[in-house]
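Asker:
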Amino acid sequence: EVQLVESGGGLVQPGGSLRLSCAASGFTFSTYSMNWVRQAPGKGLEWISYISSSGKTIHYADSVKGRFTISRDNDKNSLYLQMNSLRAEDTAVYYCARDPGYCSDISCYGNWFDPWGQGTLVTVSS
Amino acid sequence: DIQMTQSPSSLSASVGDRVTITCRASQSISSYLNWYQQKPGKAPKLLIYSASSLQSGVPSRFSGSGSGTDFTLAISSLQFEDFATYYCQQSYSTPLTFGPGTKVDIQ
Numbered sequence: 001e002v003q004l005v006e007s008g009g010g011l012v013q014p015g016g017s018l019r020l021s022c023a024a025s026g027f028t029f030s031t032y033s034m035n036w037v038r039q040a041p042g043k044g045l046e047w048i049s050y051i052s053s054s055g056k057t058i059h060y061a062d063s064v065k066g067r068f069t070i071s072r073d074n075d076k077n078s079l080y081l082q083m084n085s086l087r088a089e090d091t092a093v094y095y096c097a098r099d100p101g102y103c104s105d106i107s108c109y110g111n112w113f114d115p116w117g118q119g120t121l122v123t124v125s126s
Numbered sequence: 127d128i129q130m131t132q133s134p135s136s137l138s139a140s141v142g143d144r145v146t147i148t149c150r151a152s153q154s155i156s157s158y159l160n161w162y163q164q165k166p167g168k169a170p171k172l173l174i175y176s177a178s179s180l181q182s183g184v185p186s187r188f189s190g191s192g193s194g195t196d197f198t199l200a201i202s203s204l205q206f207e208d209f210a211t212y213y214c215q216q217s218y219s220t221p222l223t224f225g226p227g228t229k230v231d232i233q
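In structure tokens form, the structure reads like this:
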């Protein structure tokens, strides 16, 4: 069974840091791109970051660029999101999602998100 | 950035109704359009990819159509388990933007 399990969420003060993890199983992790998508309470979905299967191509939403870092360890079948300088508006459920497609520096090909993990809640508050 | 809009933002329908949701992109995205279903407290689920391809395991009452800037998700005969929020998402270029969602609830 293909499965993604996020962990690492919690309560953090504004300006603080948190590292999310996403453990993958049931498929060949090293052959898929991966993404992080978040959802603020009562709001819609917001894509925040993409990483190619090799880890060589990375993209970020402007809302997190310079503060968040996506990475992966294909030997450990794991995806990560290092979140620094957290703000109240970063409060959300964070999902990791598998992506069969590929994004170059300019455009994307055949990308969709399936499956998704169950999500991990990040709350930024003093 | 490519902006995605959806209409309506919400709708009320009955079991057995045919429902259509429209998604529009701010520029042409060819057929790089996906649809997701999300139920409260749950992760989104892929329904349709590449505008019209039905994801494995998704009931055939769901269908997608369109290309360029205008897309449609149709549910041919609404079932109780279909009451949820539906999102479109473009995969033409980053940022991989979502529409604001359409909530389908019981009339």
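Residue numbers (the numbering used here), protein chains in the order written: chain A, 1 to 126; chain B, 127 to 233.
C-beta: ideal position from N, C-alpha, C; glycine also.
In this text the structure is predicted, and so the values were computed from the model without any measurement.
Please report the straight-line C-alpha distance between residue 24 of chain A and residue 75 of chain A, rounded to a whole angstrom.
Answerer: Whole-angstrom Cα-Cα distance: 11 Å.
Asker: Can you name the residues of chain A whose CB is closer than 7 Å to the CB of residue 166 of chain B?
Answerer: Simply none; closest approach about 10 Å.
Asker: Less than 7 Å between the beta carbons of residue 210 of chain B and residue 181 of chain B, yes or no?
Answerer: Result no, Cβ atoms of residue 210 of chain B and residue 181 of chain B do not sit closer than 7 Å.
Asker: Which word fits residue 14 of chain A, buried or exposed, when buried means at least 16 other C-beta atoms lie within 10 angstroms of its C-beta?
Answerer: Residue 14 of chain A should be labelled exposed.
Asker: At which residue ranges does the segment 185-232 of chain B contain complete beta strand (DSSP E) runs of 3 or more residues, listed in the order of the chain?
Answerer: Within the segment 185-232 of chain B, the complete beta strand (DSSP E) runs of at least 3 residues are 188-193, 196-201, 211-216, 228-232.
Asker: Classify residue 31 of chain A as helix, strand or coil using the three-state DSSP reduction.
Answerer: Helix.
Asker: Identify the contact partners of residue 95 of chain A in chain B, using a Cβ-Cβ distance below 9 Å as the criterion.
Answerer: The answer, in chain order, is 169, 170.
Asker: What are the boundary residues of the beta strand (DSSP E) that includes residue 163 of chain B?
Answerer: Element bounds for residue 163 of chain B: 159-164.
Asker: Please specify which runs of the beta strand (DSSP E), each continuous and at least 3 residues long, are wholly inside the segment 33-68 of chain A, giving them in chain order.
Answerer: 33-39, 45-51, 58-60, all fully within the segment 33-68 of chain A.
Asker: Count the other CB atoms, across all protein chains shown, that sit within 10 Å of the CB of residue 197 of chain B; report buried if there are 16 or more and exposed otherwise.
Answerer: When all chains shown are included, residue 197 of chain B counts as buried.
Asker: Which partner residues does residue 129 of chain B have in the DSSP bridge list?
Answerer: BP columns for residue 129 of chain B are empty, so no partner.
Asker: Just curious, the beta strand (DSSP E) that residue 76 of chain A is in, first and last residue?
Answerer: Unbroken run through residue 76 of chain A: none, as it is neither H nor E.
Asker: For residue 95 of chain A, is the classification buried or exposed, using 16 other Cβ atoms within 10 angstroms of its Cβ as the cut-off for buried?
Answerer: Buried is the call here.
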